[in-house]
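Residue numbers (the numbering used here), protein chains in the order written: chain G, 84 to 372; chain L, 42 to 812.
Report on the structure given below.
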Amino acid sequence: MFPASFAYVAARSVEEALELMVKHGEEGKLLAGGHSLIPAMKLRLQSPRTLIDLGTVPGLRGVRVDGDHLVIGALTVHTDVASSELVRKHLLGLADATSVIGDIQVRNRGTIGGSVAHADPAADLPVILTALNASFTVQSLSGSRSIAVDDFFTDFFTTAMNSDEILTEIHVPIPATGTGSAYAKLPHPASGYVVVSAGALIARQASGSCTAARVAIGGLGTGPLRAVATELELQGKPLTPQIIAAAAAKAAEETEPVEDSYAGVEYKCHVATVYARKAIEAAVERVKS
Amino acid sequence: MTTEHEPNGLIGASLKRVEDPPLITGKGCYVDDINLPGMLHLAFQRSPYPHAKILSIDVGKAKTMPGVEAVITGNDISEKLNLSSSQVLPKMKIPPHPVLARGAVHCVGAPVAAVVAKTRAQAEDAANSIDVEYEALPGVSNAEAALEPGAPLAREEIDGNICYTMVKNGGDVDKAFAIADHIFTMHIASPRQVALAMEPRGIVASPDPFGKNLTLWLSTQGPHRARAEIANTLGFPEHKIHLIAPDVGGGFGSKGPVYREDIVACHLALKLRKPIKWVATRSEDFITTIQGRDQAMTSEMALRKDGKILGLKVKVVANLGAYLHSSTAGPPQRMLGMACGSYQIKDCRVEIVAVFTNTCPTGPYRGAGRPESVLNIERLLDKAAAVLGMDRLEIRRKNFIQPDQFPYTTGTGVEYDSGDYEKPLREALKMSNYDDLLRQRDERRKRGELVGVGFSTFVEPSGGAGFESGTVRVERTGEITVLTGSSSHGQGHETSWAQIAAELMKTSMDHVTILHGDTHVSQQGTGTFGSRSAVVGGGALAIAAERVIEKGKRIAAHLVEAAPEDLVQSDGGFAVKGVPDKTISWRQIAGAAYSGRVPEGMEIGLQETAFFDPKREAWGFGTHVALVSIDRDTGKFTIERLVLVDDCGVVINPMIVEGQIHGGVAQGLGEAMREQMLYSDDGQVQTGTFMNYAIMRAADMPPMILGETITPNPFNPLGVKGVGECGTNGAPPSVANALMDALAPLGIEHVDMPYTAPKLWALIRNAERKN
Ligand SMILES: Cc1cc2nc3c(=O)[nH]c(=O)nc-3n(C[C@H](O)[C@H](O)[C@H](O)COP(=O)(O)OP(=O)(O)OC[C@H]3O[C@@H](n4cnc5c(N)ncnc54)[C@H](O)[C@@H]3O)c2cc1C
């Protein structure tokens, strides 16, 4: 519960942070809200020699519209995402997910970029951002690039970012009218993190049938998983409770969850179907309104 | 009590706790708030293995690190620095419990080396740098598994894994079983819980410059007992230790015994002649502070077909963990006295097998053997009703000990002092609208829901473990100072004790000061645990107050030249009978008492001390009723209604009593719904953080409906019984019976706590597959 000693540097710009990362190499670590990193340091699971604070870098916070996308700065804290007018207008699913992270203190400090970069398999945001088809802008000294969410989460606590890159922005397409999104989570009774969760983005024609569906599941793999079978099952079909239930029943297909001290494999697969149904139903409900 | 005064209504008043303002504004003073000039800090290197031989310890690096003043291992200190059981039973096996491991470790977290440094960070870093080479040994974590032939030895120093066994027979149990119409068996395993006091354990040890006296600030439930244990272990004169329990942030039983770290801190402070502080991190507290429950009960019950319980056999296999603390051996023995609950069962046999495993030691945790005992008998009663096809209420009423049978000696030879079990039962049925609950249940069942109603009609002993002391002193100013040996760690003594003293002395609460938690302030004491404070400490206070009142009255009579019989207590002192204007205040009496204007032959001063030992426990009782439901889709278990009717005799402060019930219920429901300390089969810790140990939180609590009946305790000066543990004793079995009622339509007969969603879901699914 006491971290090993470390040095602290407050970066003033993304460039300076990038230079510091190169300078400190393996021994340096970016600090955003600190709500994943500092607990890990206190348990001495991580012992970086230098913390490079991004919190002092201007311009990395806030939500704005850029064409047909919402752009969220990596340092935007969960509370600000959840209460953003733009997010509440266009991406209710993201508001759902950000409001069920931890508790109020955690939401006031933890950042969307930190959560994404940390890639905890039990985190909320990777799941909903997968459903919302987000992409991530990452920057290094040699320039910036964009990574699609489906390519981003590569393993437990591992992303497609290189060690010399900083995540600066999260881009989320603004869904067309006739689309709704939602997120549903079964929290672990101790940690509050995800046992399983589901995010859904559903487009519905006036006729009532589904024109597009992205459904993502958390808790069943090394990161968020697309429930491809569920999406296919919904495609082009009328969004009746029966069709939704049948589609949701396929949410855990071809997944390989692992048992932990709380829940077994069969349970996780089953509740994934329950939460997929809840998320899809809620997303469909939002199309109406 | 025979005081001739009108009660002024303080006993029984819901008064806000006078100790709260500093505590809830962050102005309390806990051990970690004690900072002394030149104070050093202590940290430990601990075993990551459940069971291992220590091959080597390299402290070379640690010794050279900044700020480090001392590094020691088990080899550097006397073998006598060893903790042990306060209870020694015939043939009991007591393997060593050295304060630092010597040659081997037997559970995760066992301290292997200690470092003292100028700052805490330096101490932690240096402790972390110590390199220990281990050879892993096979381990065992489950007590029943530890009894299997060929099981790994948890303690290689002894033969087998049994610490002690006990058997108690009452009546003729074999005959009872021979003539029974029905016999059934049941197996229940109670989950292991972690006490998790909000303030972790901690100590500051400060020797005088010559090492002749030792001042300790310790987060403890019993300053005098802790002092005695520390003195014994160190071989240091007890009276030269001044032990102070400052504000203590909870204990729940876990801060009764002394721990290894306490002794190491004292030893090093004396050796270095410098003050030393150690405060556990949450991680350390999780895995090293005694844990509770973890008993498996196998029972057999013999029934006559009319519902009369003929006989009972209970075998307890209790998990003691790896080492014996002073209080570790105790909790399983509760079953000896409590196996039969509130029922007339004269023919019974109780057997205890207490077992070593490679887990954190266990010990008293709120209830301390009572919750297991109540759970066992209350589940048995429900099962007996099912076996006979009888109503669950009817079988209880048929077997209840009746009010005119008290004092009642149970089959195992324990005396229950007093009770009237029908009273809270009737009240709880009324408050819960019991018949309506059953109707609702049946209707919802028809709609396919899983709904259950259950209750427990329990008894619980309180106020044991010997004496408590109380001193009442009238100061020169007429204000009252109370010294109590019973020390508060959240129970609100400063309020309740002031209510008692002010009411008995007929003065205002502002004029009463309660001093506790300091061995140099209060005389000897026993401490706060086992729901004993109000019963024993309150009793001692009442007796001391009576003596002061007697003496005060004689002095007052002397002052007004009247006979003591002609005086009565009046507001703030005494008045002459029939002449209410003629009053003598406590201030006047004290003035006389300290200046020698006392009757011929009377000693001056106005202070009395009483040591009260009730010699019998006070058996509280109650009925708890629960309505529960389970979501088929996810297994989620919901307590929809919980009605708790408790009878703890006379109530001193109803708000504090309610708080005690709320807190106890929270910990009890934690056991029922969420909490379980899990170890791998060989003893590796699996739920050692709040990330995976699901402690009950405020938001997880169901609404509680509290009720009471009051049956004064005839053997207590105040008429009180204990209440601190009724929440953990009575609530979980009511919930267990409700859950099993909900699952009964599926043919499910048993599931152990905690009732987590994945567990219930799997059970329901398997049952549905079978059907
Ligand atoms: C009590 C508690 C409960 C929680 N409950 C939940 C929950 O229910 N659901 C949930 O999803 N999360 C939960 N969290 C985690 C929380 O959301 C974290 O804040 C988040 O995961 C990490 O964000 P952060 O800003 O705190 O990142 P930090 O902890 O500062 O950093 C995390 C990691 O990401 C790296 N990093 C941070 N920012 C960047 C960046 N811009 N570019 C590249 N790398 C970067 C850091 O170097 C570090 O390795 C909880 C945390 C706590 C303490």
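Cβ coordinates follow ideal geometry from the N, Cα and C atoms, glycine included.
Pro799/L is the residue among Lys762/L, Pro695/L, Ser775/L, Pro799/L whose C-alpha sits nearest the C-alpha of Arg715/L. Within the same chain, Cβ atoms closer than 6 Å to the Cβ of Ile113/L are found at Ala155, the five residues on either side in sequence being excluded. If only uninterrupted beta strand (DSSP E) runs of at least 3 residues are considered, those enclosed by the region 665-703 of chain L are 678-688.
In chain order, Val140, Ala155 place their CB closer than 6 Å to the CB of Val305/L, counting only its own chain and leaving out the 5 sequence neighbours on each side.
Placement of the Cβ of Lys112/G at a distance of less than 6 Å from at least one heavy atom of ligand 1 is found. Per DSSP, reduced to three states, the secondary structure at Leu177/G is helical. In this structure, the CA atom of Pro179/L is about 9 Å from the CA atom of Gly724/L. Contacts with chain G at 7 Å (Cβ-Cβ) do not include Asn183/L. Leu719/L has a beta carbon lying within less than 7 Å of a beta carbon in chain G.
At a beta-carbon threshold of 8 Å, none of the residues of chain L lie near Pro340/G; the nearest stands roughly 12 Å away. Contacts between Ser324/L and chain G, judged by CB atoms closer than 8 Å, involve Met84, Leu126 in chain order. Relative to the Cα of Val214/L, the nearest Cα in the group Ser527/L, Thr512/L, Cys389/L, Pro78/L belongs to Cys389/L. Excluding five sequence positions before and after Thr522/L, the CB atoms of its chain that fall closer than 7 Å to its own CB belong to Arg514, Glu516, Thr554, Leu556, given in chain order. The DSSP-derived three-state label of Pro412/L is helix.
Taking C-beta atoms as the reference points, Gly290/L and Glu341/L fail to come closer than 7 Å. Interface annotation, Pro131/G: not in contact with chain L, CB-CB separation never under 7 Å. When the five nearest sequence neighbours on each side are left out, the beta carbons in the same chain lying within less than 8 Å of the beta carbon of Gly276/L are those of Lys121, in order along the chain. At a cut-off of 7 Å between beta carbons, Trp802/L contacts chain G. Nearest to Val181/L by alpha-carbon distance, out of Val157/L, Lys209/L, Cys148/L, Asn210/L, is Cys148/L. Residue environment: Arg480/L is assigned as exposed (fewer than 16 neighbouring CB atoms within 10 Å of its CB, all protein chains considered).
Bounds of any beta strand (DSSP E) do not take in Tyr71/L, whose DSSP letter is neither H nor E. For Thr159/G, the CB contacts under 7 Å within the same chain, skipping 5 residues up- and downstream, are Arg144, Gly145, Val146, Thr194, Ile195 in chain order.
Annotation: the continuous beta strand (DSSP E) that includes Met227/L extends over 223-230.
Rounded to whole angstroms, Ile135/L and Cys689/L show a C-alpha spacing of 37 Å.
Annotated as proximal: Glu766/L and Ser572/L, with beta-carbon spacing under 7 Å.
Apart from sequence neighbours up to five positions away, the residues of its chain that approach Gly613/L with a beta-carbon distance below 7 Å are Lys547, Thr548, Ser626, Trp627, ordered along the chain.
Nearest to Ile282/L by alpha-carbon distance, out of Gln565/L, Thr226/L, Asp222/L, is Gln565/L.
Around the beta carbon of Asp288/L, 16 or more other beta carbons lie within 10 angstroms, which makes this residue buried. Within chain L, the residues whose beta carbon sits less than 9 Å from that of Val357/G are Asp674, Thr675, listed in sequence order. Restricting attention to beta strand (DSSP E) runs no shorter than 3 residues, the region 448-529 of chain L encloses them at 491-503, 509-515, 521-525, ordered along the chain.
Taking the beta carbon of Pro799/L as reference, the chain G residues within 7 Å of it are Tyr345, Ala346, Gly347, Tyr350, listed in sequence order. Going by beta carbons, Leu470/L and Val494/L fall outside the 7 Å limit. For a Cβ distance threshold of 9 Å, residue set His271, Ala273, Ser274, Asp343, Ser344, Tyr345 of chain G lies close to Asn733/L, ordered along the chain. Shortest gap from the CB of His254/G to any heavy atom of ligand 1: 6 Å or more. Residue state for Asn116/L is assigned as helix, using DSSP reduced to three classes.
In this structure, the alpha-carbon of Leu124/L lies about 7 Å from that of Arg301/L.
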